[in-house]
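Going by UniProt numbering, 106 is the number at position 106 of the sequence shown; the sequence numbering is gapless.
Note that the Cβ used here is the ideal one computed from N, Cα and C, for glycine as well.
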Amino acid sequence: MSNIRLVEAKLPTGFRFHPRDEELVCDYLMRKVALTDTFQLMIEVDLNKCEPWDIPETARVNSKEWYFYSHRDRKYATGLRTNRATTSGYWKATGKDKAVHSKGTIVGMRKTLVFYHGRAPKGTKSDCVMHEFRLQPTFNVSTFKEDWVLCRMLHKTKEIG
């Protein structure tokens with residue numbers, strides 16, 4: 001059972017772990033990066049070594065969502081581009097990054113990614129979607145050790161209607 005499920009088990013019926021973007025950045029990611037994460041509710045996953053369907057069950061919150069921390073792996077040692085390739089495919093960014101606000105200040109960004117099977121540019125789109133949350137550079141100062149992101153992964157299903 002995941003740590004998140006253990007917490008949910010202690011809550012009254014009807015309560016769920018469904019944090020807003022601001023809460024994910026301010027209450028979880030900032031604490032992880034600052035090494036003050038006393039909750040330790042989410043596991044760490046290496047996205048380059050783990051396919052979407054192999055994300056540990058302990059990261060799963062409900063039937064459709066997984067929450068976990070991951071390091072941003074740089075494609076080149078001195079570059080800014082992130083390596084998002086796995087053995088079976090790759091995560092491709094879609095759309096523009098969305099700012100995450102807290103009390104009128106931008107505290108982070110949310111990037112939406114979709115998993116594709118195969119190699120770019122001829123990969124086949126899957127139903128796996130991931131929201132990658134990162135801190136705004138002003139909050140990710142050099143005193144923090146790691147380049148962590150918080151990920152929320154879900155499987156999109158097509159509605160038949």
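Asked                                                                                                                                                               : Found
Among 89, 148, 64, 56, which residue has its Cα nearest to the Cα of residue 157?                                                                                   : 64
What's the call for residue 54, buried or exposed, on a 16-neighbour Cβ count within 10 Å?                                                                          : exposed
Residue range of the beta strand (DSSP E) that residue 110 falls in?                                                                                                : 105-117
Per DSSP, what kind of secondary structure is residue 42 in: helix, strand or coil?                                                                                 : coil
So, at 7 Å on beta carbons, what are the nonlocal neighbours of residue 99 in its own chain, with the 5 sequence-adjacent residues on each side left out?           : 106, 109
Leaving out the 5 sequence neighbours to the left and right, which residues in its chain are closer than 8 Å to residue 36 when beta-carbon positions are compared? : none
Taking the alpha carbon of residue 167 as the point to measure from, which residue in 149, 155, 154 has its own alpha carbon closest?                               : The structure shown does not extend to residue 167, since the chain is modelled only from 1 to 161, so the question has no answer here.
Based on Cα-Cα distance, which residue from 90, 96, 135, 101 lies nearest to residue 127?                                                                           : 90
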